[in-house]
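In the numbering used here, the protein residues as written are 2 to 83.
This is how it looks when you write it as C-alpha coordinates:
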(Lines of atoms letter the chains of each structure in order from A and count residues from 1; the text may use other names and numbers.)
(Lines give C-alpha, C1' and ligand atoms only; values in the text may rest on other atoms or scores of the structure.)
Protein backbone atom coordinates (compact mmCIF):
# COMPACT_ATOMS: atom_id res chain seq x y z
CA UNK A 1 0.00 0.00 0.00
CA UNK A 2 2.17 2.81 -1.21
CA UNK A 3 0.93 6.27 -0.51
CA UNK A 4 2.85 7.97 -3.30
CA UNK A 5 2.28 11.64 -3.83
CA UNK A 6 -1.04 12.79 -2.52
CA UNK A 7 -2.62 15.93 -3.79
CA UNK A 8 -2.95 17.90 -0.62
CA UNK A 9 -3.90 21.51 -0.53
CA UNK A 10 -2.74 23.66 2.28
CA UNK A 11 -4.89 26.63 3.10
CA UNK A 12 -2.54 29.55 3.51
CA UNK A 13 -3.54 32.81 5.16
CA UNK A 14 -4.49 35.64 2.82
CA UNK A 15 -1.51 37.89 2.12
CA UNK A 16 -2.17 41.52 2.87
CA UNK A 17 -0.21 44.19 1.07
CA UNK A 18 -0.16 47.36 3.15
CA UNK A 19 -0.94 50.66 1.44
CA UNK A 20 2.04 52.90 0.83
CA UNK A 21 1.72 56.57 1.70
CA UNK A 22 5.23 57.87 1.18
CA UNK A 23 7.11 56.84 4.33
CA UNK A 24 10.51 56.06 2.86
CA UNK A 25 11.27 53.51 5.59
CA UNK A 26 8.26 51.48 4.43
CA UNK A 27 9.04 51.61 0.71
CA UNK A 28 11.22 48.51 0.38
CA UNK A 29 8.92 46.19 2.40
CA UNK A 30 5.94 47.48 0.38
CA UNK A 31 7.69 47.07 -2.96
CA UNK A 32 9.05 43.61 -2.13
CA UNK A 33 5.60 42.35 -1.15
CA UNK A 34 3.89 43.99 -4.13
CA UNK A 35 6.44 42.47 -6.49
CA UNK A 36 6.16 38.98 -5.00
CA UNK A 37 2.37 38.87 -4.74
CA UNK A 38 1.13 40.98 -7.64
CA UNK A 39 3.85 41.90 -10.12
CA UNK A 40 5.23 38.37 -10.53
CA UNK A 41 1.75 36.84 -10.86
CA UNK A 42 0.06 35.78 -14.08
CA UNK A 43 -2.40 38.67 -13.93
CA UNK A 44 -2.77 40.88 -17.00
CA UNK A 45 -0.49 43.92 -16.79
CA UNK A 46 -3.43 46.34 -16.66
CA UNK A 47 -4.75 44.50 -13.57
CA UNK A 48 -1.32 44.74 -11.94
CA UNK A 49 -1.33 48.47 -12.61
CA UNK A 50 -4.81 48.77 -11.10
CA UNK A 51 -3.60 46.99 -7.96
CA UNK A 52 -0.58 49.28 -7.76
CA UNK A 53 -2.75 52.39 -8.04
CA UNK A 54 -5.11 51.09 -5.35
CA UNK A 55 -2.25 50.52 -2.89
CA UNK A 56 -0.81 54.03 -3.06
CA UNK A 57 -1.99 56.94 -0.93
CA UNK A 58 -1.42 60.67 -0.65
CA UNK A 59 1.37 62.35 -2.58
CA UNK A 60 2.71 58.99 -3.71
CA UNK A 61 -0.60 58.18 -5.42
CA UNK A 62 -0.66 61.66 -6.95
CA UNK A 63 2.62 61.00 -8.78
CA UNK A 64 0.90 58.49 -11.08
CA UNK A 65 -2.71 59.72 -10.98
CA UNK A 66 -2.77 61.04 -14.55
CA UNK A 67 -1.57 57.80 -16.13
CA UNK A 68 -4.18 55.79 -18.03
CA UNK A 69 -4.37 52.02 -17.62
CA UNK A 70 -1.97 50.73 -20.25
CA UNK A 71 0.97 48.35 -20.27
CA UNK A 72 3.35 51.19 -21.13
CA UNK A 73 2.03 53.35 -18.28
CA UNK A 74 2.48 50.46 -15.86
CA UNK A 75 6.19 50.53 -16.73
CA UNK A 76 6.20 54.33 -16.48
CA UNK A 77 4.55 54.25 -13.05
CA UNK A 78 7.05 51.73 -11.73
CA UNK A 79 9.94 53.85 -13.03
CA UNK A 80 8.51 56.94 -11.33
CA UNK A 81 8.06 55.11 -8.03
CA UNK A 82 11.39 53.32 -7.99
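For every residue, glycine included, the Cβ atom is placed at its ideal position computed from N, Cα and C.
- Within the same chain, Cβ atoms closer than 8 Å to the Cβ of residue 58 are found at 20, 21, 22, 23, the five residues on either side in sequence being excluded.
- Annotated three-state conformation of residue 57 is strand, per DSSP.
- Scanning 12, 77, 81 for the CA closest to the CA of residue 47 turns up 77.
- For residue 49 against residue 75, the beta-carbon gap comes to about 6 Å, under 8 Å, which counts as contact.
- Less than 8 Å separates the beta-carbon of residue 70 from that of residue 51.
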